[in-house]
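Colleague: Supplied in structure tokens, the structure appears directly below.
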Amino acid sequence: MFLNIDYQNLMTSLRVKNISKKYDKVQAISDISFNAEKGELFGLIGPDGAGKTTIFRILTTLILPDNGEVFFENLDIIKDFKKIRQITGYMPGKYSLYQDLTVEENLNFFAAVFGVKVEDNYYLIKEIYEHIAPFKKRLAGKLSGGMKQKLALCCALIHKPQILILDEPTTGVDAVSRKEFWEMLQKLKTQNITILVSTPYMDEAALCNRVALIQKGKILDIDTPENIISKFQHKLISVKSFDKQKLIKDLRSYEFSNSVFAFGESIHYTDKRQKTDVKEIVEYLINKNHKEIKVEEIKPNIEDCFMDLMKK
Amino acid sequence: MRTILHIIQKEFIQITRDKMMLPIIFVVPIVQLLFLVYAATLEIKNIDLCIVDNDLSTVSREITQKFEASPFFVVKGKTFSVEQSEKLIETGQVDIVLNIPHNFEKDLIRNKKAGIQILVDAINQTTGSIGSSYCNQIIFNYNKNIITKFSDLKTLFEIQDIKTINIEHQFWYNPDLNYKVFMVPGILVILVTIIGMFLSAMNLVKEKEIGTIEQINVTPIKKHQFIIGKMIPFLIIALFELAFGLTLGKILFNIPIIGNLWLVFLSATVYLFVILGFGLLISTLSNTQQQAMFVAWFFMLVFIMMSGLFTPIESMPVWAQKLNLINPVAFFIKILRMVLLKGSEIKDIKNDLFYLFGYGVVVFSFATIRYKKTN
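Residue numbers (numbering that gives the first Met the number 0), protein chains in the order written: chain V, 0 to 311; chain X, 0 to 374.
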């Protein structure tokens with residue numbers, strides 16, 4: 000008997016199977032499937048409108064999928080939605096705490112509606128809450144963006160959920176707070192909480208255990224950030240020159256050009272040929288009258304992979 | 000149950016923190032009672048009058064004196080020219096012209112018959128009709144005097160021939176015909192309705208607008224717990240408002256409170272059940288507080304105009320009277336007037352109460368079905 004335990008299922012905290020959702024005529028998501036393990040930090044990475052929020056709204060039992068199944072800790076999302084609400088912590092993308100209640104009152108209220116006391120699970124939020132504790136008598140609406148985010152996280156955690164769902168938690172938050180926020184998530188993982196986080200920031204993908212790249216309601220790839228990068232098959236070249244606009248145009252019209260994307264200061268370029276000849280590119284650009292040309296081979300990041308997958 | 004208490008507690012914290020709430024609760028009743036009760040009077044006073052007395056006889060002078068002495072008329076002008084008086088009506092400077100023609104007294108004595116012309120500006124139908132009936136009353140009373148006065152010329156038999164029906168009015172429940180007594184219960188109903196319908200609807204929509212409803216929806220809070228938790232604070236505030244308004248009415252206007260106060264509050268609770276249901280329904284229909292406001296205003300306006308507060312229901316067309324069957328405001332105004340002014344007991348109003356309760360059940364079920372946690 001002992002041997003018959005399905006080890007795979009035991010460790011899987013969340014199973015999403017072929018879910019789709021259509022709003023009127025728009026197919027928001029189609030055929031989405033993924034699993035998340037217990038204590039895993041799983042990221043949904045995709046641009047605005049990719050369908051991340053729709054997936055989360057289905058997972059949090061706010062909307063029903065048109066088809067497909069979702070299991071949380073072996074609870075069915077439709078049949079057992081009441082139990083699921085008890086074990087899920089959700090932080091919506093839109094800041095949605097009571098602005099006219101104080102920090103403390105918000106926390107107490109959300110603890111109360113889950114039938115717990117703040118003290119019961121205080122250890123879970125202690126580190127985060129200490130940041131905002133000096134302002135506990137302040138109205139939530141009067142907090143700064145980063146502090147609001149921390150309070151929202153505390154409120155989502157106070158009932159000790161088994162699964163934490165964070166919808167774009169770092170959108171509109173300053174760089175320092177973003178970094179802090181991700182550090183907090185890394186610590187929460189150790190509490191055996193499954194964390195699902197969505198973000199439009201590709202650089203945050205590297206901080207997840209595994210990511211699902213989503214575009215137009217479809218999953219492009221699911222893997223660890225390292226594996227996704229290692230799957231990148233082209234040689235990635237970073238090109239810079241004085242006139243960036245002209246550079247993009249010229250590179251696009253280059254006969255061996257595979258992809259050309261602006262990437263901050265530089266242009267990320269891949270070639271159609273197996274062996275990319277950097278010298279040839281430089282010569283081509285010199286012929287096109289470019290000045291201050293700088294060409295170097297670089298390692299791809301998640302965004303490059305995302306762009307590449309989108310092209311396919 | 001504990002969840003509901005937590006929600007109620009949260010609501011009260013939020014309500015007391017809302018800077019507009021306290022003024023709404025305390026200033027609105029004072030202003031409404033003070034201004035509306037005085038302003039929304041059905042008595043017509045200060046009718047502007049122009050007298051054209053071309054007779055200048057004893058009789059004509061006596062008549063004009065009667066008009067001058069009447070509290071209802073203000074003599075704005077005296078002239079001998081009918082054309083000029085007509086001009087005054089045209090330009091809206093006077094409402095009524097009293098035209099006593101030349102030889103009026105002579106005709107009266109010689110022919111026992113004489114005519115006075117009354118011109119009425121009837122643009123405002125109420126002022127027009129009430130004003131002309133005041134005129135008629137003054138002239139009718141004077142007529143009776145004249146008959147006695149000139150009767151010494153006649154034989155006694157002839158006097159007895161004049162058959163007049165003497166009508167004695169007895170005004171029950173409001174013997175002084177004090178319209179304030181009539182208005183105050185109506186104003187109180189408006190007050191309670193504002194709290195019950197506007198504030199509850201806007202409060203619920205606010206959760207939608209700010210997005211907190213999303214956070215609530217993923218918690219184990221059940222639909223009914225949330226709705227009850229949201230409604231009870233407004234029920235309490237509205238009942239408090241009624242008590243506050245009744246106290247003000249007693250102090251300011253000394254309105255009679257003949258019936259049982261418990262009965263007043265019992266019927267208010269039943270009424271609020273319907274009104275809060277409407278508030279909930281409005282909140283399910285709208286996504287922003289602005290929309291909720293407009294929808295609530297629409298319901299409110301129709302309900303109040305049809306309720307018989309300003310115009311008697313009896314004088315409405317039959318279809319409008321039938322329509323009042325779905326007007327909770329009309330029912331509550333009726334109940335409140337009955338209990339406060341007549342001292343009606345529960346047996347007198349129990350049918351209305353049951354009706355309102357049934358109505359509330361219907362509205363609430365409809366609103367609850369529309370209010371969805373998942374879609």
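Glycine included, each C-beta is placed from N, C-alpha and C at the ideal position. All values reported here derive from a predicted model rather than from experimental measurement.
Taking Cβ positions only, does X:E344 come closer than 8 Å to chain B?
Modeller: The structure shown has no chain B; the protein chains it does contain are V and X.
Colleague: For V:V112, go through chain X and note every residue whose CB falls closer than 8 Å to its CB, in chain order.
Modeller: Result: T2, H5, I6, I215, T218, P219 and I220.
Colleague: Give the range of the alpha helix (DSSP H) segment to which V:V175 is assigned.
Modeller: A174 to K188 is the extent of the alpha helix (DSSP H) around V:V175.
Colleague: Within the same chain, show all residues whose beta-carbon is closer than 8 Å to that of V:M201, passing over the 5 residues directly before and after it, in chain order.
Modeller: Answer for V:M201: I44, N300, I301, E302 and F305, listed in chain order.
Colleague: What residue ranges within the stretch 206 to 234 of chain X form continuous alpha helix (DSSP H) runs of no fewer than 4 residues, ordered along the chain?
Modeller: Fully enclosed alpha helix (DSSP H) runs of 4 or longer: 211 to 216.
Colleague: Quick check: is the beta carbon of X:I209 nearer than 8 Å to any beta carbon in chain V?
Modeller: X:I209 counts as touching chain V.
Colleague: Between which residues of its own chain and V:K298 is the CB-CB distance below 8 Å, once the five residues before and five after are set aside?
Modeller: Counting only Cβ-Cβ distances below 8 Å, and skipping sequence neighbours, we find I228 and L235.
Colleague: Can you find a CB in chain V that lies within less than 8 Å of the CB of X:K9?
Modeller: Yes - at least one Cβ of chain V is within 8 Å of the one on X:K9.
Colleague: Looking at the secondary structure, which residues open and close the alpha helix (DSSP H) in which V:E302 lies?
Modeller: Its alpha helix (DSSP H) spans residues I301 to K310.
Colleague: DSSP state of V:T275, grouped into three classes?
Modeller: Coil.
Colleague: Would you call the stretch 230 to 244 of chain X in contact with the stretch 317 to 331 of chain X, where contact means no fewer than 3 C-beta pairs closer than 8 Å?
Modeller: Verdict: no, contact absent.
Colleague: Within the same chain, show all residues whose beta-carbon is closer than 7 Å to that of X:G195, passing over the 5 residues directly before and after it, in chain order.
Modeller: Counting only Cβ-Cβ distances below 7 Å, and skipping sequence neighbours, we find F233, A237, L271, I274, L275 and G278.
Colleague: Mind checking X:V301: buried by the 16 CB within 10 Å criterion, or exposed?
Modeller: When all chains shown are included, X:V301 counts as exposed.
Colleague: Use the C-beta contact count for X:L355: other C-beta atoms within 10 angstroms, 16 or more gives buried, fewer gives exposed.
Modeller: Answer is buried; the Cβ neighbour count reaches 16.
Colleague: Count the other C-beta atoms from every protein chain shown that fall within 10 angstroms of the C-beta of X:A68, then say buried if there are 16 or more, exposed otherwise.
Modeller: Exposed, since its Cβ has fewer than 16 Cβ neighbours within 10 Å.
Colleague: Please decide whether V:E167 counts as near chain X, where near means a Cβ-Cβ distance under 8 Å.
Modeller: It does not: the Cβ of V:E167 has no partner Cβ on chain X nearer than 8 Å.
Colleague: I need the straight-line Cα distance from X:E213 to X:V204, nearest angstrom please.
Modeller: Approximately 12 Å between the Cα atoms of the pair.
Colleague: Rounded to the nearest angstrom, how far is the Cβ of V:F33 from that of V:I266, given a contact under 8 Å?
Modeller: Actually they do not touch by this definition, with Cβ atoms about 33 Å apart.
Colleague: Please confirm if the stretch 97 to 107 of chain X is in contact with the stretch 47 to 61 of chain X, defined as three or more CB-CB distances below 8 Å between the two stretches.
Modeller: Output reads yes: the stretch 47 to 61 of chain X touches the stretch 97 to 107 of chain X.
Colleague: Return the CA-CA distance between X:K162 and X:N142, expressed in angstroms with no decimal places.
Modeller: Model confidence at X:K162 stands at a pLDDT of 49, short of 50, so the residue's coordinates are unreliable; what they give is reported in the following sentence. Straight-line Cα distance between these residues: approximately 13 Å.
Colleague: Can you tell me which residues form a DSSP beta bridge with V:G163?
Modeller: First, the amino acid is wrong: residue 163 of chain V is Leu here, not Gly. According to DSSP, which records beta bridges pairwise, V:L163 is partnered with V:G88 and V:I194.
Colleague: Could you tell me if V:D75 is buried or exposed, where buried requires 16 or more neighbouring beta carbons within 10 angstroms of its beta carbon?
Modeller: Classification for V:D75: exposed.
Colleague: Is the CB-CB distance between X:I43 and X:T125 below 8 Å?
Modeller: Yes, they are a contact pair.
Colleague: Whose Cβ in chain X lies nearer than 9 Å to the Cβ of V:L100?
Modeller: K9, I12, Q13 and R16, listed in chain order.
Colleague: With H, G and I counted as helix, E and B as strand and the rest as coil, what does DSSP make of V:D75?
Modeller: Three-state result, V:D75: strand.
Colleague: Closer than 7 Å, Cβ to Cβ, to anything on chain X: give me those residues from the stretch 61 to 88 of chain V, in chain order.
Modeller: Under the 7 Å Cβ criterion, the stretch 61 to 88 of chain V contributes L61, I62, L63, K81, R84, Q85 and T87.
Colleague: Measure from the alpha carbon of V:I157 to the alpha carbon of each residue in V:N120, V:K274, V:N17 and V:E179, then state which is nearest.
Modeller: For the residues V:N120, V:K274, V:N17 and V:E179, the minimum Cα distance to V:I157 belongs to V:N120.
Colleague: Can you tell me whether DSSP reads X:Q159 as helix, strand or coil?
Modeller: Confidence is the limiting factor: at X:Q159 the pLDDT is only 46, short of 50, which leaves the residue's position unreliable, though a coordinate-based value still follows. Helix.
Colleague: Can you pull out the residues from the stretch 32 to 62 of chain V whose beta carbon lies closer than 9 Å to at least one beta carbon of chain X?
Modeller: Cβ contacts with chain X: R56, T59, T60, L61 and I62.
Colleague: Could you tell me whether any Cβ in chain X is nearer than 8 Å to the Cβ of V:P224?
Modeller: Chain X contact via Cβ: absent.
Colleague: Report the option in X:S306, X:E82, X:V119 and X:K179 whose CA atom is closest to the CA atom of X:F34.
Modeller: Comparing Cα-Cα distances from X:F34 to each of X:S306, X:E82, X:V119 and X:K179, the minimum goes to X:K179.
Colleague: For X:F71, which residues in the same chain have their Cβ closer than 7 Å to its Cβ, ignoring the five residues on either side in sequence?
Modeller: Cβ neighbours of X:F71 beyond the five flanking positions: I43, K44, I46 and Y133.
Colleague: Which first and last residues belong to the alpha helix (DSSP H) in which X:S364 is found?
Modeller: First-last of the alpha helix (DSSP H) with X:S364: I345 to R369.
Colleague: In terms of residues, what are the limits of the beta strand (DSSP E) holding X:N53?
Modeller: It is not in any beta strand (DSSP E) - X:N53 carries neither H nor E in the DSSP assignment.
Colleague: Using CA coordinates, which residue listed in X:L339, X:G185 and X:V191 is at the minimum distance from X:I23?
Modeller: The option with the nearest alpha carbon to X:I23 is X:V191.
Colleague: For X:V188, which three-state DSSP category applies?
Modeller: DSSP places X:V188 in helix when its eight states are reduced to three.
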